[in-house]
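Colleague:
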Amino acid sequence: QFLVVLAVAVACAAADVSHILTPNSQVPIVRSDYELNPEGNTYKFAYQTGNDIYAQAEGIVRTISNDEAVHEVRGSYSYLSPDGTPVEVTYTAGPEGFVASGSHLPVGPPIPEAIQRSLEYIKSQPQYVEKPYKPL
C-alpha cells in the first residue's frame, strides 16, 4: 500500500501543469500605495495590476464610547469581465453593513408607498421592552 501511495505522489509531482498556467498567472503590480495616519484611526490604499484591475479604499475607526468603536470604509474596484466589459463597483461598509453599487448589479423594485408608510409608522413607535418574568 505504501508503494501505491508513493507512486501516486510521484506521478502527481511529475505531472505537467503548464496547460493550467494562463497569461494572467504572473500579473505584475503596476502601482501600490498605502497610507496610515500616525494616530492609527484612518488609512488609505490603492493598487493597480498589469491586467487592469484597480482598487482603492479609505477607512476610519470612529470611537463611539469608551468601549465601542466603529470601522467605516468607502472604496471602489474595477476590472474587465471575461467578455471584455468594464466592471466597476463602489461600496461603503460600516455599522449598517456592506452596500455595493455598480451598473452590473441587480436593483430591486421600489418599495410600494403603503409599505413605506407602514415602515415609517413602525419606526416612529416606542420600542417594546420585555419585562422579566415574575412568578406569582
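So the sequence shown is residues -15 to -1, 1 to 121, counted in mature numbering (1 follows the signal peptide of the UniProt record, and there is no 0).
Where is the CB? At the ideal position from N, CA and C, for every residue including glycine.
No experiment lies behind these values; they were computed from the predicted model shown.
Smallest Cα separation from residue 124: which of Tyr76, Val15, Glu81, Pro95?
Modeller: Residue 124 lies beyond the residue range present for the chain, which begins at -15 and ends at 121; the question has no answer from this structure.
Colleague: What are the boundary residues of the alpha helix (DSSP H) that tyrosine 118 is part of?
Modeller: Sequence index remark: in the sequence shown, residue 118 carries index 133 (1-based). Run containing tyrosine 118: none; DSSP gives neither H nor E here.
Colleague: What residue range does the alpha helix (DSSP H) around isoleucine 100 cover?
Modeller: For the purposes of this step, residue 100 is identified with residue 115 of the sequence shown, where counting begins at 1. First-last of the alpha helix (DSSP H) with isoleucine 100: 98 to 109.
Colleague: On the three-state DSSP scale, how would you describe glycine 87?
Modeller: Walking along the sequence shown from the start, residue 87 turns up at place 102. The answer is coil: DSSP assigns glycine 87 none of H, G, I, E or B.
Colleague: Helix, strand or coil for proline 71, going by three-state DSSP, please let me know.
Modeller: Along the sequence shown, one-based indexing puts residue 71 at 86. Reduced to three states, the DSSP call for proline 71 is strand.
Colleague: For proline 80, which option in Glu53, Glu115, Pro94, Val92 has the closest C-alpha, if you only look at C-alpha atoms?
Modeller: Against the sequence shown, residue 80 aligns to sequence position 95. Comparing Cα-Cα distances from proline 80 to each of Glu53, Glu115, Pro94, Val92, the minimum goes to Glu53.
Colleague: Specify, as a first and last residue, the run of the beta strand (DSSP E) that glutamine 41 falls within.
Modeller: The residue you call residue 41 lines up with position 56 of the sequence shown. First-last of the beta strand (DSSP E) with glutamine 41: 39 to 50.
Colleague: Valine 58 bridges to which residues according to DSSP?
Modeller: Along the sequence shown, read from residue 1 onward, the residue named residue 58 stands at position 73. According to DSSP, which records beta bridges pairwise, valine 58 is partnered with Gly44, Ala78.
Colleague: Give me the residue from Val58, His89, Val84 with the minimum Cα distance to threonine 70.
Modeller: The residue given as residue 70 occupies position 85 in the sequence shown. For the residues Val58, His89, Val84, the minimum Cα distance to threonine 70 belongs to His89.
Colleague: To the nearest angstrom, how far is the alpha carbon of tyrosine 32 from that of arginine 16?
Modeller: Translated into positions along the sequence shown, residue 32 becomes position 47. Translated into positions along the sequence shown, residue 16 becomes position 31. Tyrosine 32 and arginine 16: Cα-Cα distance of roughly 5 Å.
Colleague: Kindly indicate which three-state DSSP category serine 66 falls into: helix, strand or coil?
Modeller: By 1-based counting over the sequence shown, the position of residue 66 is 81. Coil, per DSSP.
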